[in-house]
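**Q**
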Amino acid sequence: MSHLEFFDSHCHVDPMRYGGDVEDVILRARAAGVSRMTVVGTRAADSEAAIRLSEREEGVFCAAGIHPNDVDDVDEEEWDRVQKLIGSGKVVAVGETGLDWFRAVASRESQTLFFERHIALSQSLGLPLIIHTRDSIRDVLDILAKAVKKGPTTGVLHAFSGTTDEAAEAIELGFFIGFAGMVTFRSAESLRQVAKTVPLDRLLIETDSPFLSPEPLRGKRNEPSHVVHTAHCLANIRGESLQVLAAATTANACRLFQVDCS
Ligand SMILES: [Zn+2]
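All the letters of the sequence shown, read from the start, carry residue numbers 90 to 351 under the numbering used here.
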């Protein structure tokens, strides 16, 4: 029997969000074939928790960064801690970072400043970026285009919700496109059309757990085992077998995060 393996490229599995059942969440993921995941930090404390989890659990990787919605709550001391975590050799990516003009809880100036700080670190350390964008993709793509001119830059636009042209532009810049549970929602027909156009070697799947579970689990707390439903949906609309989609998205995540998945 063929054994499918999935890589949840973006989740927030930590004791602060899941309480005592983090270990059970990881066991359920493995039982569903989700043998690898990247746990993404949004502040210093959850970045530290992500690192500790990745040190204990096989197949769990981690990223450190400050979420754009949080940048106005971060003092220089916390940013210092996060910079040290990013440079510790223990993380596979920088983020999550980016711009959020939708919620706009932090000023545009500080979001832009922190995005540029994360990009500079990613370039100097050779680590990929995990990018959050909401109502801000034009500005994100412009900033990334400038960064690419300065030196090697890569990463993922996570929980992608842009257009086909915007996805193509990000791909042209060297980025991956991550699809979360949103793509499975009945109302998301246009996003499914976008997902059809992403080359198989740039496609990632993610849960963004604990937020927004995919169909048919919408409304439940999300967790990495649910990424299988998003994979099914993408395979269906793209006309690929689940085997092909699972193998490609796993290989892509391993390549992006520079982890050995053999
Ligand atoms: Zn996230």
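A virtual CB, placed ideally from N, CA and C, is assigned to each residue, including glycine.
Quantities reported herein were computed from a predicted structural model and do not represent experimental measurements.
Just to check my reading of the structure: G154 and V183 have Cβ atoms closer than 8 Å, yes? What is that Cβ distance to the nearest angstrom?
**A** 6 Å
**Q** Any heavy atom of ligand 1 closer than 7 Å to the Cβ of D297?
**A** Relative to the non-hydrogen atoms of ligand 1, the Cβ of D297 comes within a distance shorter than 7 Å of at least one.
**Q** Rounded to whole angstroms, what is the Cα-Cα separation between G240 and G109?
**A** 42 Å
**Q** Any heavy atom of ligand 1 closer than 7 Å to the CB of V114?
**A** no
**Q** Is H247 near ligand 1 - that is, is its Cβ less than 7 Å away from at least one heavy atom of it?
**A** yes
**Q** Any chance the stretch 189-205 sits against the stretch 213-227, with 3 or more Cβ pairs inside 8 Å?
**A** yes
**Q** At which residues does the alpha helix (DSSP H) containing M105 begin and terminate?
**A** For M105, the enclosing alpha helix (DSSP H) stretches over residues P104 to Y107.
**Q** Let me check understanding here. Comparing Cα to Cα, which of P305, F268 and F274 lies closest to V296?
**A** It should be pointed out that residue 296 corresponds to Thr in this sequence rather than to Val. The shortest Cα separation from T296 among P305, F268 and F274 belongs to F268.
**Q** Quick one: is the Cβ of H101 within less than 7 Å of any heavy atom of ligand 1?
**A** yes
**Q** Is the separation between the beta-carbon of G251 and that of H221 shorter than 8 Å?
**A** no
**Q** Which residue or residues does DSSP assign as beta-bridge partners of V245?
**A** I219 and F265
**Q** I believe F96 touches T338 by the beta-carbon criterion, under 8 Å. Please report the beta-carbon distance rounded to the nearest angstrom.
**A** 6 Å
**Q** How big is the Cα-Cα spacing for T319 and L202?
**A** 33 Å
**Q** Quick one: is the Cβ of V194 within less than 7 Å of any heavy atom of ligand 1?
**A** no
**Q** Near V160, which residues of its chain fall below 7 Å by C-beta distance, leaving aside the five closest residues on each side in sequence?
**A** A195, S199, Q200 and F203
**Q** When we look at the beta-carbon of E312 and count the other beta-carbons within 10 Å, is it buried (16 or more) or exposed?
**A** Buried, because 16 or more other Cβ atoms sit within 10 Å of the Cβ of E312.
**Q** Going by other Cβ atoms of all chains shown within 10 Å of its Cβ, with 16 needed for buried, is D254 buried or exposed?
**A** exposed
**Q** Identify whether G148 lies in helix, strand or coil by the three-state DSSP scheme.
**A** Three-state DSSP puts G148 in coil, outside helix and strand.
**Q** Give the straight-line distance between the Cα atoms of E165 and G176, rounded to the nearest whole angstrom.
**A** 16 Å
**Q** What do you reckon, is the C-beta of V129 under 7 Å from a heavy atom of ligand 1?
**A** yes
**Q** Go ahead and pull the three-state DSSP assignment for D297.
**A** coil
**Q** Comparing alpha-carbon positions, which option in L233, A234 and V128 lies nearest F346?
**A** V128
**Q** Can you list, in chain order, the residues of its chain whose CB lies under 8 Å from that of I260, leaving out five sequence neighbours each side?
**A** I266, V287, P288 and R291
**Q** What does the Cβ neighbour count give for E278, buried or exposed, with the cut at 16 atoms within 10 Å?
**A** Exposed, because fewer than 16 other Cβ atoms sit within 10 Å of the Cβ of E278.
**Q** Between the Cα of P157 and those of G130, R170, L174 and R141, spot the shortest distance and give me the residue it belongs to.
**A** With distances taken between Cα atoms, P157 lies closest to G130.
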